[in-house]
Amino acid sequence: MYEIYTYILISIIFESGGGMLYGVAVGFDPLLVFASTLTINILTVFASIFLIDKLLEWKKGLRSWLEKRTARGQRLINKYALIGIIAGVFVLSPIQVAIIGRLLRIQSKKFYPTLIGGTALSAVVSIGIALGIFKLILRW
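Going by our numbering, the sequence shown opens with residue 1483, and the numbers climb by one from there.
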(Lines of atoms letter the chains of each structure in order from A and count residues from 1; the text may use other names and numbers.)
(Lines give C-alpha, C1' and ligand atoms only; values in the text may rest on other atoms or scores of the structure.)
Protein backbone atom coordinates (compact mmCIF):
# COMPACT_ATOMS: atom_id res chain seq x y z
CA MET A 1 0.00 0.00 0.00
CA TYR A 2 2.87 2.38 0.71
CA GLU A 3 4.04 1.95 -2.91
CA ILE A 4 0.90 3.73 -4.13
CA TYR A 5 1.40 6.68 -1.79
CA THR A 6 5.08 6.87 -2.70
CA TYR A 7 4.18 6.71 -6.40
CA ILE A 8 1.68 9.58 -6.07
CA LEU A 9 4.16 11.68 -4.10
CA ILE A 10 6.95 11.05 -6.61
CA SER A 11 4.57 11.83 -9.50
CA ILE A 12 3.75 15.18 -7.93
CA ILE A 13 7.29 16.17 -6.98
CA PHE A 14 9.32 14.71 -9.86
CA GLU A 15 6.48 14.84 -12.39
CA SER A 16 6.19 12.32 -15.21
CA GLY A 17 9.82 11.21 -15.40
CA GLY A 18 10.17 10.13 -11.80
CA GLY A 19 6.61 8.91 -11.42
CA MET A 20 6.73 6.63 -14.41
CA LEU A 21 10.15 5.25 -13.59
CA TYR A 22 9.03 4.40 -10.06
CA GLY A 23 5.66 3.00 -11.14
CA VAL A 24 7.16 0.69 -13.75
CA ALA A 25 10.02 -0.33 -11.44
CA VAL A 26 7.62 -1.30 -8.66
CA GLY A 27 5.64 -3.43 -11.09
CA PHE A 28 2.46 -1.46 -11.69
CA ASP A 29 0.69 -1.84 -15.03
CA PRO A 30 2.45 0.53 -17.50
CA LEU A 31 -0.81 1.76 -19.07
CA LEU A 32 -2.22 2.58 -15.64
CA VAL A 33 1.04 4.28 -14.67
CA PHE A 34 0.96 6.36 -17.87
CA ALA A 35 -2.67 7.43 -17.44
CA SER A 36 -2.43 8.22 -13.74
CA THR A 37 0.88 10.08 -14.01
CA LEU A 38 -0.40 12.15 -16.91
CA THR A 39 -3.56 12.97 -14.95
CA ILE A 40 -1.54 13.94 -11.87
CA ASN A 41 0.73 16.16 -13.99
CA ILE A 42 -2.14 17.95 -15.67
CA LEU A 43 -3.87 18.50 -12.32
CA THR A 44 -0.71 19.97 -10.79
CA VAL A 45 -0.25 22.22 -13.83
CA PHE A 46 -3.78 23.58 -13.48
CA ALA A 47 -3.29 23.99 -9.73
CA SER A 48 -0.17 26.07 -10.32
CA ILE A 49 -2.02 28.19 -12.92
CA PHE A 50 -4.83 28.71 -10.39
CA LEU A 51 -2.33 29.82 -7.73
CA ILE A 52 -0.62 32.26 -10.11
CA ASP A 53 -3.99 33.74 -11.08
CA LYS A 54 -4.91 34.17 -7.41
CA LEU A 55 -1.53 35.82 -6.74
CA LEU A 56 -2.04 38.24 -9.61
CA GLU A 57 -5.55 39.08 -8.36
CA TRP A 58 -4.23 39.60 -4.84
CA LYS A 59 -1.28 41.80 -5.86
CA LYS A 60 -2.77 44.24 -8.37
CA GLY A 61 0.51 46.12 -8.66
CA LEU A 62 2.32 42.98 -9.78
CA ARG A 63 -0.17 42.41 -12.61
CA SER A 64 0.20 45.98 -13.91
CA TRP A 65 3.99 45.80 -13.60
CA LEU A 66 4.05 42.58 -15.65
CA GLU A 67 1.70 44.04 -18.25
CA LYS A 68 3.97 47.06 -18.69
CA ARG A 69 7.06 44.88 -19.05
CA THR A 70 5.56 42.47 -21.58
CA ALA A 71 3.39 44.89 -23.59
CA ARG A 72 6.05 45.72 -26.15
CA GLY A 73 6.92 42.11 -26.92
CA GLN A 74 3.45 40.59 -26.55
CA ARG A 75 3.07 40.00 -30.29
CA LEU A 76 6.33 38.01 -30.38
CA ILE A 77 5.43 36.16 -27.20
CA ASN A 78 2.14 34.98 -28.72
CA LYS A 79 3.74 34.23 -32.09
CA TYR A 80 6.40 31.87 -30.71
CA ALA A 81 4.40 30.52 -27.78
CA LEU A 82 3.87 27.09 -29.33
CA ILE A 83 7.58 26.44 -29.82
CA GLY A 84 8.46 27.87 -26.43
CA ILE A 85 5.91 25.80 -24.56
CA ILE A 86 6.87 22.50 -26.22
CA ALA A 87 10.59 23.15 -25.71
CA GLY A 88 9.97 24.38 -22.17
CA VAL A 89 8.11 21.24 -21.15
CA PHE A 90 11.21 19.18 -21.97
CA VAL A 91 13.86 21.65 -20.75
CA LEU A 92 12.11 22.88 -17.62
CA SER A 93 8.93 21.16 -16.51
CA PRO A 94 5.21 21.54 -17.23
CA ILE A 95 4.62 23.35 -13.93
CA GLN A 96 7.39 25.87 -14.57
CA VAL A 97 6.15 26.44 -18.13
CA ALA A 98 2.62 26.98 -16.82
CA ILE A 99 3.82 29.60 -14.35
CA ILE A 100 5.95 31.41 -16.93
CA GLY A 101 3.16 31.27 -19.50
CA ARG A 102 0.67 32.85 -17.12
CA LEU A 103 3.13 35.56 -16.12
CA LEU A 104 3.86 36.32 -19.79
CA ARG A 105 0.10 36.41 -20.52
CA ILE A 106 0.18 33.99 -23.46
CA GLN A 107 -3.17 33.79 -25.25
CA SER A 108 -5.34 31.07 -23.73
CA LYS A 109 -6.26 29.49 -27.08
CA LYS A 110 -2.57 28.82 -27.74
CA PHE A 111 -1.48 28.22 -24.17
CA TYR A 112 -3.74 25.49 -22.80
CA PRO A 113 -3.87 23.02 -25.74
CA THR A 114 -0.13 23.30 -26.32
CA LEU A 115 0.66 22.88 -22.64
CA ILE A 116 -1.52 19.78 -22.37
CA GLY A 117 -0.08 18.38 -25.59
CA GLY A 118 3.48 19.06 -24.46
CA THR A 119 2.80 17.43 -21.12
CA ALA A 120 1.37 14.36 -22.89
CA LEU A 121 4.36 14.22 -25.23
CA SER A 122 6.71 14.43 -22.26
CA ALA A 123 4.78 11.61 -20.60
CA VAL A 124 5.10 9.44 -23.72
CA VAL A 125 8.85 9.98 -23.72
CA SER A 126 9.04 9.20 -20.00
CA ILE A 127 7.09 5.94 -20.31
CA GLY A 128 9.27 4.98 -23.26
CA ILE A 129 12.37 5.51 -21.18
CA ALA A 130 10.85 3.67 -18.22
CA LEU A 131 9.98 0.66 -20.36
CA GLY A 132 13.33 0.62 -22.11
CA ILE A 133 11.78 1.05 -25.53
CA PHE A 134 14.38 3.58 -26.58
CA LYS A 135 17.12 1.08 -25.80
CA LEU A 136 15.56 -1.30 -28.31
CA ILE A 137 15.08 1.42 -30.94
CA LEU A 138 18.62 2.76 -30.63
CA ARG A 139 20.09 -0.74 -30.82
CA TRP A 140 18.90 -1.21 -34.44
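Heads up, the beta-carbon is just placed ideally off N, CA and C, and yes, glycines get one too.
With distances taken Cα to Cα, identify the nearest neighbour of F1528 among K1542, F1593, G1543.
F1593
The alpha helix (DSSP H) spanning Q1578 covers which residue range?
Per DSSP, Q1578 belongs to the alpha helix (DSSP H) from 1576-1585.
Pull up the distance between the alpha-carbon of A1563 and that of N1523, whole angstroms please.
20 Å
Cβ distance (whole Å) where I1534 is taken to contact L1574 below 8 Å:
Not quite, the Cβ-Cβ distance comes to about 15 Å (not below 8 Å), so this is no contact.
By Cβ distance below 7 Å, which residues in the same chain neighbour I1494 in space, the five residues on each side in sequence not counted?
Cβ neighbours of I1494 beyond the five flanking positions: I1522, T1526.
Can we say the region 1496-1509 touches the region 1553-1562, given the rule of at least three CB pairs closer than 8 Å?
no
For the alpha helix (DSSP H) containing M1502, list its first residue and its last residue.
1497-1508
Hey, quick one: how far does the alpha helix (DSSP H) through G1543 stretch, first residue to last?
Run containing G1543: 1542-1552, per the alpha helix (DSSP H) assignment.
For the alpha helix (DSSP H) holding Q1556, just list the boundary residues, first then last.
1556-1561
Taking the continuous alpha helix (DSSP H) assigned at G1614, which residues delimit it?
Per DSSP, G1614 belongs to no alpha helix (DSSP H) and is neither H nor E.
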